[in-house]
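Protein chains in written order, with this note's numbering: chain A, 57 to 266; chain B, 572 to 998.
Pasting the structure below:
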C-alpha cells in the first residue's frame, strides 16, 4: 500500500507532462463533440480499488469486505483497500458513442497478506455527454475478470458500469476522475461457493484522442 | 483503420478463449476470502520465559508463559505444531483483565504462571502485575479449564481463591496443591499459603503453612509421603564472630497426607559463606519407582536422598570458572523405562546436566551440545514424554529433543527450539 501514493504521483506527472506537450486549449465554440466515426481514444487510468461486499447468490447473504468477518475487534479486514490501473482503447461510432476495450489489473490484500490479483478484460460502450469544458462519460463494460489468489485462478464474468468527469484540456487531451462499479460473478463448481463480488474503483484518468 | 480494430477484437477473443480454458480450482476464491482469518504467526515465541509445562495426553503439551500455548506432536515429522490456547466461553472472559483502583484494566492481562492436569480438567494459576490490595477479586487466581480434544477451553474462575496470586500448582498423588500469595498493602511483602483439594472445588489450607513469608516452590509424592519445599533468602548475622542464620525460609515438609505435612527434621545442609550468595532450595522431585528424592539447590548442586529424607548427599559440579557455583532449578527423569533411568537437572544459566544413573546418583555432567543457545540458558522446567524431552527456559522459550535408541540423550542430538514446528538449531 505504501507504493500507491507513489503510483499516483507518477500518473499525475505523466498527465502533466503530456499536457505540457499538447496543443493549445480549444476554443469556446467547440462545445459540441468534435469527434466522428473513425476517431479513436487511448486512456490511462490509475487509482484505488475498494472491495465493498460479497453476495452469496444461493442464500442472499452479504459479507462486507472492509471489516473482519468474525475475527473480532482489531482483526484485519477480509480485503484491504487496494489499487489498480488499466488502459483503454476506444473508437467513435458516432460523435457521442465510442466502443472499445479495457485491460488492466487490480489488487488487494487478504487478512494473511495474500495478494488478490485481478486482470479484467472488458468490452465497453461509452456515451459521452459534453458540457464544455467538461465531458461526462457513461459506460457499461462487459467481459471477463481473471482472478488469482494463492495459486488458484478463476475466470469470472464481469459487468462494470462506469461514470466520471473529464476536463477537456484541448482537442487531444482530457483529464478526469472515473468511478467504476464491479459486479464480478464468480461461479463455483459448488453453487454454494459462488459469489458476486461488488467492488468500487476510483481512478484518475488521462484520455488522449487521435 | 477497420482492419486494426478487427485485429484487436481477434486478439481479445483469442486471449479470452485461452484464459477461459484455465482450471478454476472450484472457483471459490471469494468464498475462501470471505471466511479467512488472520493466522497467528510464530505461535510459540522463542524468547519467552516458561513458567510451567504440562503433558496431557502424551504428545500434547501445554505451556504456561503468561499466555497458554498448546502444542501437538507429529510423530512422523517429529515436529510440534503450536497454537495459542485461548479458551472460549470462559467466565470471566479470556484474556482475564485485572482490576486496579476499581477499574478493569485492558492490559496487561492476568498472567498464567502455573498449570496442572487434575481430575479430568486443566487448572491454570494466574497472577497480575497490577495487583490492587484495596480491591477484591482483582485477580482471577485459579481457573479450571475444560479439557477437550483440541484445547483447554471454557475456563471457570474458582472463586475460593479469587484474590490470590497463584504462584504454583501441582497435581500430586490424590490432590491438587496450590501456593497462593496475598498482600494487604502494596507496601508490604506478600504472605503465602499452601492449599490443597481432592476435587478442585473444596480447598483447605495445609496446617502450619499459612501466612508464610516465603513461597512453596515444589511439591512431590513418592507413593507414601507428600513433600513440599519452600524457598527464601535466609538472613545470616555475625554475632561475636559467629555466623548464625536468624531465619529459616528454606524448609522441606513431609507427611503422609496434605493435612499432616510437617517440617523435615533432617533437611539437606545449606551452605553459607560470607560474601557469597546464600544457598536455598529451588524444587523437589521424587522418582516414582525408586522413591529417590532430589532437591535442587542454589549452591549445593542437587541434594539426593535414598532413605526418604533421613540422610542426604549433595551431588555437586565444579563451579563455573572456578568461582561461580551452579544453581539448579529443577530435576526430572526418564519415566519411560529404557535401559537406564536418566535424571536431568536444569541449571540456572548453564543448560541442563545429567546425573549419573542408578539409585544413588553421584555426579553431574553438563550437556555436551555446546553449540546451541540452550547451553547457556536457565532451564526451569523439564518434562519427559516418552522419548521426547521438553525443557522450558527463562527468556529462551521451549527446547525439545529425543532420547536415542540406547535411552540416552546422545552427544550432538538434534534439538528443536520450538517456534511452531520449525527446526532452527541443532547441536
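Yeah, the Cβ is synthetic: ideal placement off N, Cα and C, and Gly gets one too.
What you are looking at is a predicted structure, and each value in this text was computed from that prediction instead of being measured.
For residue 256 of chain A, the nearest beta carbon of chain B is not closer than 9 Å to its own beta carbon. Listed in chain order, the alpha helix (DSSP H) runs fully inside the segment 953-993 of chain B amount to none, counting runs of at least 4 residues.
The three-state secondary structure of residue 249 of chain A, taken from DSSP, is helix. Judged by DSSP secondary structure, residue 604 of chain B falls within the alpha helix (DSSP H) whose first and last residues are 600-606. Between residue 244 of chain A and chain B, the shortest Cβ-Cβ separation is below 9 Å.
Using a CB distance cut-off of 9 Å, residue 599 of chain B counts as an interface residue toward chain A. Taken atom to atom, the span from the alpha-carbon of residue 824 of chain B to that of residue 869 of chain B is near 18 Å.
Pairwise C-beta distances place the segment 846-861 of chain B in contact with the segment 796-812 of chain B, as three or more of them are shorter than 8 Å.
B/625 is the residue among B/921, B/897, B/625 and B/688 whose C-alpha sits nearest the C-alpha of residue 960 of chain B.
Around residue 131 of chain A, the beta-carbon contacts reaching into chain B at under 8 Å are 608 and 609.
When 9 Å is used as the limit between beta carbons, residue 123 of chain A is near no residue of chain B, the shortest such separation being about 12 Å.
Separation of residue 949 of chain B and residue 623 of chain B (C-alpha to C-alpha, rounded to the nearest whole angstrom) is 14 Å. By the Cβ criterion, the segment 709-725 of chain B is in contact with the segment 688-696 of chain B, since at least three pairs of Cβ atoms, one from each stretch, lie closer than 8 Å.
Between the alpha carbons of residue 599 of chain B and residue 659 of chain B lies a distance of about 30 Å. Under the DSSP assignment, residue 176 of chain A falls in the beta strand (DSSP E) whose first and last residues are 171-187.
Straight-line measurement puts the Cα of residue 620 of chain B at about 59 Å from the Cα of residue 144 of chain A. By the rule that beta-carbons nearer than 9 Å mark a contact, residue 603 of chain B touches chain A.
Straight-line measurement puts the Cα of residue 96 of chain A at about 60 Å from the Cα of residue 655 of chain B. Membership of residue 862 of chain B in any beta strand (DSSP E) is not indicated, and neither H nor E is assigned to it by DSSP.
Contact check for residue 243 of chain A and residue 162 of chain A: beta-carbon distance about 20 Å, past the 8 Å limit, so the pair fails to qualify. Each residue's CA atom was taken as its position, placing residue 719 of chain B and residue 810 of chain B some 60 Å apart. Of the residues assessed, residue 970 of chain B falls on the buried side of the cut-off, its CB having 16 or more other CB atoms within 10 angstroms.
Sequence-distant Cβ neighbours of residue 137 of chain A in its own chain, meaning closer than 8 Å and more than five residues away, are 57, 104, 105, 106, 107, 122 and 164. Contacts with chain B at 9 Å (Cβ-Cβ) do not include residue 154 of chain A.
Chain B has no Cβ within less than 9 Å of the Cβ of residue 91 of chain A. According to the DSSP assignment, residue 229 of chain A belongs to the beta strand (DSSP E) that extends over 229-242. When Cβ-Cβ separations below 9 Å define contact, residue 106 of chain A makes no contact with chain B. One alpha carbon belongs to residue 115 of chain A, the other to residue 604 of chain B, and they sit about 17 Å apart. Here residue 902 of chain B is not near residue 954 of chain B, since their CB atoms are 9 Å or more apart. Here the segment 192-209 of chain A lies against the segment 163-181 of chain A, with 3 or more beta-carbon pairs under 8 Å apart.
Contacts with chain B at 9 Å (Cβ-Cβ) do not include residue 216 of chain A. Counting the other CB atoms within 10 Å of its CB gives residue 772 of chain B a total below 16, which places it among the exposed residues. Take the alpha-carbon of residue 154 of chain A and the one of residue 92 of chain A: they are about 9 Å apart. Taking 9 Å as the cut-off, the beta carbon of residue 606 of chain B is found closer than this to the beta carbon of residue 125 of chain A. Contact annotation: residue 778 of chain B and residue 832 of chain B have beta-carbon atoms nearer than 9 Å. With a cutoff of 9 Å on beta-carbon distance, residue 166 of chain A and residue 182 of chain A are scored as not near each other.
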